[in-house]
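Peer 1: Structure in structure tokens, see below.
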Amino acid sequence: MLNPIVRSQGMPIGLHELNEEHKLIRRGYAELDEAIFHGVSSSIIIDISSKLTELMLQHCLHEEEFLAEMAAVCGEESRIELRRNRVRLLALKEELRRGDIYAALHLRAVCRQWLNEHLLVEDIELSPALSQGGTRRAI
Ligand SMILES: [Fe+2]
């Protein structure tokens with residue numbers, strides 16, 4: 000199931016944790032996509048969507064934290080994009096809380112685009128860190 004990664008207090012976020020979050024988000028997207036495809040009840044779809052939204056929000060925060068550490072190699076655009084995504088996700092979270100099934104459909108589209116674009120941007124921007132021993136996702 001879609002449970003966020005728990006880390007020890009004060010433990011810095013690293014590439015490994017971010018990659019694990021990517022895997023969870025990809026799994027959540029697949030679960031949401033399948034639920035919509037099979038036409039399960041709207042309450043289940045909203046529940047899956049709410050959990051996926053929380054995972055994505057948590058990931059945005061962790062990425063911001065990580066990018067702050069990597070300020071020398073990461074552009075300001077990435078931080079601005081993360082904040083923009085967070086605002087969009089918070090709006091979706093509120094719509095889901097109100098039971099709006101269209102928010103789930105919107106989230107699916109947002110997540111699909113995010114999976115494609117976000118991971119590509121990360122590959123480009125973090126390549127210096129990755130080439131120094133970091134490993135990339137196995138998603
Ligand atoms: Fe990421």
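In numbering that gives the first Met the number 0, the protein residues as written are 0 to 138.
Ideal Cβ placement from N, Cα and C applies to all residues, glycine included.
Since we're looking at a predicted model, the values are computed, not measured.
Using only the alpha-carbon positions, how far apart do D80 and H37 sit?
Peer 2: The sequence as given places Glu at residue 80; Asp does not occur at that position. So the alpha carbons of these two residues sit roughly 33 angstroms apart.
Peer 1: When you compare each of R87, H61 and E75 to H21 by their alpha carbons, which one comes out closest?
Peer 2: With distances taken between Cα atoms, H21 lies closest to H61.
Peer 1: Any chance you could list the residues with Cβ under 7 angstroms from a heavy atom of ligand 1, keeping chain order?
Peer 2: Working through the chain, the matches are L17, E20, H21, H58, E62, H117, L118 and E121.
Peer 1: Would you say the stretch 25-35 touches the stretch 62-69, given that touching needs at least three Cβ pairs under 8 angstroms?
Peer 2: Touching, no.
Peer 1: Which residues mark the beginning and the end of the alpha helix (DSSP H) in which I35 is found?
Peer 2: Counting along the chain, the alpha helix (DSSP H) containing I35 begins and ends at L14 to H37.
Peer 1: For N84, which residues of its own chain have a beta-carbon under 6 angstroms away from its beta-carbon, when the five flanking residues on both sides are left out?
Peer 2: Answer for N84: C59, listed in chain order.
Peer 1: Can you tell me where the alpha helix (DSSP H) holding D46 begins and where it ends?
Peer 2: It spans S41 to E68 - the alpha helix (DSSP H) in which D46 sits, taken as one unbroken run.
Peer 1: Does R97 come out as helix, strand or coil in the three-state DSSP assignment?
Peer 2: R97 falls in the coil class under three-state DSSP.
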